[in-house]
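Notes for the one structure printed next.
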Amino acid sequence: MPPPSIPQAELHSRFARARVATLATVGAEGLPHLVPVVFAMAGGLIYTAVDDKPKSTRRLRRLDNITATGRVSLLVDEYAEDWSQLWWIRVDGAARVLDDDAQSRIGIDALVRKYVQYTASPPGGPVVAIDPDRWVSWSALDTRSTRAG
38 MPPPSIPQAE
48 LHSRFARARV
58 ATLATVGAEG
68 LPHLVPVVFA
78 MAGGLIYTAV
88 DDKPKSTRRL
98 RRLDNITATG
108 RVSLLVDEYA
118 EDWSQLWWIR
128 VDGAARVLDD
138 DAQSRIGIDA
148 LVRKYVQYTA
158 SPPGGPVVAI
168 DPDRWVSWSA
178 LDTRSTRAG
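Right under this line is the structure:
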């Protein structure tokens with residue numbers, strides 16, 4: 038019997054409602070790199086951007102890794118003390134760092150709509166677009182479904 042997963046009809050909406058994700062990239066040297074990110078969905082793509090929160094450098098490893106490999110994973114999850122409520126969704130996809138173009142604007146607009154914090158100060162750094170090609174999920178509740186993508 039396969040492990041329980043989130044029903045297909047609920048998968049995308051539950052992912053889109055999540056407030057934070059863990060972005061996983063791998064560099065040319067093969068080392069994994071994980072960082073928490075905010076994200077938004079628009080037109081079938083997932084967007085994240087470099088904002089003005091303090092960072093140790095403007096040359097971020099995640100951007101170098103995306104440029105080097107073009108692949109990412111995003112993980113959203115729900116933890117609860119009641120372990121019957123646990124779930125996670127992982128999206129694997131092709132990613133690219135966008136030039137300052139119309140697609141960047143779509144991503145920034147989606148982020149501003151989702152996060153009120155960006156209303157006064159939208160992300161000013163590079164925008165990353167992720168084109169999902171695989172959705173994998175798990176839920177402690179027995180809600181059988183199959184992988185998507």
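Residue numbers for the sequence shown, in the working numbering: 38 to 186.
We treat Cβ as the ideally placed atom computed from N, Cα and C, and that holds for glycine.
In the three-state DSSP reduction, Arg96 falls in the coil class, being neither helix nor strand. Of the other Cβ atoms in all chains shown, fewer than 16 fall within 10 Å of the Cβ of Tyr116; this residue is therefore exposed. For Gly130, the three-state secondary structure derived from DSSP is strand. The beta carbons of Ala86 and Val165 sit about 7 Å from each other, so the pair counts as a contact at 8 Å. Annotated three-state conformation of Asp170 is strand, per DSSP.
Collapsing the DSSP output to three states places Arg108 in a strand. Rounded to whole angstroms, Arg96 and Ala139 show a C-alpha spacing of 23 Å.
Fewer than three pairs of CB atoms, one per stretch, sit closer than 8 Å, so the segment 59–72 makes no contact with the segment 142–161. At the C-beta level, Thr59 and Pro73 come within 7 Å of one another. Around the Cβ of Ser121, a 10 Å sphere holds fewer than 16 other Cβ atoms; the residue is exposed.
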